[in-house]
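Notes for the one structure printed next.
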Amino acid sequence: MTADVYGIIGCPVGHSMSPEIHNLAFQDLLIDAVYHRFHVEKRDLEAAVKGIRALGIKGVNVTIPHKEDVIPFLDAIDETAARMGAVNTIVNEDGRLKGYNTDGQGYIESVLPYLDKELSEISCLIIGAGGAARGIYSAMAHAETGRVDLANRTPSRAYAILESCSAPVSSKVITLDQAQCSLTDYDLIIQTTSIGMSPKEQAKPISLAGIVPGTIVSDIIYNPVKTVFLQEAEKHGCRIVSGVGMFIYQAALSFRHWTGKMPDVKAMEAVVLQKLGGSKIC
Ligand code: NAP
9 MTADVYGIIG CPVGHSMSPE IHNLAFQDLL IDAVYHRFHV EKRDLEAAVK GIRALGIKGV
69 NVTIPHKEDV IPFLDAIDET AARMGAVNTI VNEDGRLKGY NTDGQGYIES VLPYLDKELS
129 EISCLIIGAG GAARGIYSAM AHAETGRVDL ANRTPSRAYA ILESCSAPVS SKVITLDQAQ
189 CSLTDYDLII QTTSIGMSPK EQAKPISLAG IVPGTIVSDI IYNPVKTVFL QEAEKHGCRI
249 VSGVGMFIYQ AALSFRHWTG KMPDVKAMEA VVLQKLGGSK IC
């Protein structure tokens, strides 16, 4: 019998840790399958998607820069992916390719254990308005979070996110300077910009001076595991949540779309932390 094939398409894709965690989950659940990296240039995206059908590849993750561009080549997308305008998971249902997006829900799953209130009672601030922020905003809004504000260097991108979201949620757009002065308004602060990501690890989007100790501060960057932003939050007595959790849960939810089974997220997390040289920080 031939093992089922899964994989990730992106450009670049060589750094992706998805093969390690998905192959671990397949072994753990005794599923005869293998997960590969596929480097796909923008010009080859349509051909690559046709290849998924032609070769009978069972499912793929989609990463930068193809999450939006892949949509026209699919046969269907689910409601969440349509809302976000981006796909990170493709399921091959007997030759019919359907797109899903697990990024926003993956973030929510990763942070829920650290909240001591219902989402409906939480006031949160998202810093950044890129693709990841869009997914998190949409998921938080549809999960009926009490308040979700957005702060971004380029305010027009934040307004575009607010305007495209159909869920009724209390929201406003503020500048990064205003965010810095209103930290006490929030229970949860979510850093979604690429500032502080390896190799430019010393940068941070705003200062956290004046933040209330106990505020939950999360950074979706997972390399480094503890960003400078999280280090500062920790010094102020905040509870910190790294981006490893989001990475693991978005992967686990993709895995469930493909197999119907939820993998062991703790085992996946251990593999990622070992590879990144980090330790559990949240
Ligand atoms: P993106 O679409 O390129 O958005 C980048 C964001 O960062 C924008 O808000 C951008 O602001 C802001 N930014 C970049 N450089 C800046 C600077 N010098 N000053 C101020 N703002 C700056 O990227 P993305 O896909 O949303 O990803 C963002 C980060 O999330 C990346 O580090 C990525 O690795 C991480 N991520 C993690 C996970 C996970 O599973 N943990 C999943 C997805 C993404 P402007 O709009 O003003 O340009």
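Last residue of the sequence shown: 290 (my numbering), numbering continuous. Where is the CB? At the ideal position from N, CA and C, for every residue including glycine.
- Message: I'd like to confirm the pairing. Which residues does DSSP put opposite E101 in its beta bridges?
- Response: For this step, residue 101 is matched to residue 93 along the sequence shown. E101 pairs with R104.
- Helix, strand or coil: how does DSSP classify C246 here? Counted from its first residue, the sequence shown places residue 246 at position 238. Reduced to three states, the DSSP call for C246 is coil.
- Can you name, in chain order, every residue of its own chain whose Cβ lies under 7 Å from the Cβ of V68, other than the five neighbours on each side? In the sequence shown, residue 68 corresponds to position 60, counting from 1. Counting only Cβ-Cβ distances below 7 Å, and skipping sequence neighbours, we find Y14, G15, I16, I17, I60, I98.
- Query: Helix or strand or just coil, what does DSSP make of Y43?
  - Reply: For the purposes of this step, residue 43 is taken as residue 35 along the sequence shown, with counting starting at 1. Three-state result, Y43: strand.
- Below 6 Å from a heavy atom of ligand 1 - residues by beta-carbon: D111, G136, A137, G138, G139, A140, A141, N160, R161, T162, R165, T200, T201, S202, I203, M205, P213, I228, I229, Y230, G251, M254, F255, Q258
- Message: Any contact between the region 254 to 266 and the region 25 to 34? By contact I mean 3 or more CB pairs, one from each, below 8 Å.
- Response: yes
- Do you know whose CA, among D111, T88, T192, H74, lies nearest S131's CA? Taking the first residue of the sequence shown as position 1, residue 131 is located at position 123. That would be T192, whose Cα lies nearest to the Cα of S131.
- Is the region 177 to 188 in contact with the region 135 to 154, if contact means three or more CB pairs nearer than 8 Å? yes
- Message: Output needed for M270: all residues of its chain with C-beta closer than 8 Å, excluding positions within five of it in sequence on either side, in chain order.
- Response: Numbered from 1 along the sequence shown, position 262 holds the residue referred to as residue 270. Here the set comprises A260, F263, R264.
- Task: Indicate the three-state DSSP secondary structure (helix, strand or coil) for R155 in the structure shown.
- Result: In the sequence shown, residue 155 corresponds to position 147, counting from 1. It is a strand residue.
- Range of the contiguous beta strand (DSSP E) that encloses N69: On the sequence shown, residue 69 is found 61 positions in, with the first residue counted as 1. Where N69 is concerned, the enclosing beta strand (DSSP E) stretches over 67 to 70.
- Query: For G218, which option in E240, L158, I135, T267 has the closest C-alpha, if you only look at C-alpha atoms?
  - Reply: Here residue 218 refers to the residue found at position 210 of the sequence shown. Considering only alpha carbons, the answer is E240.
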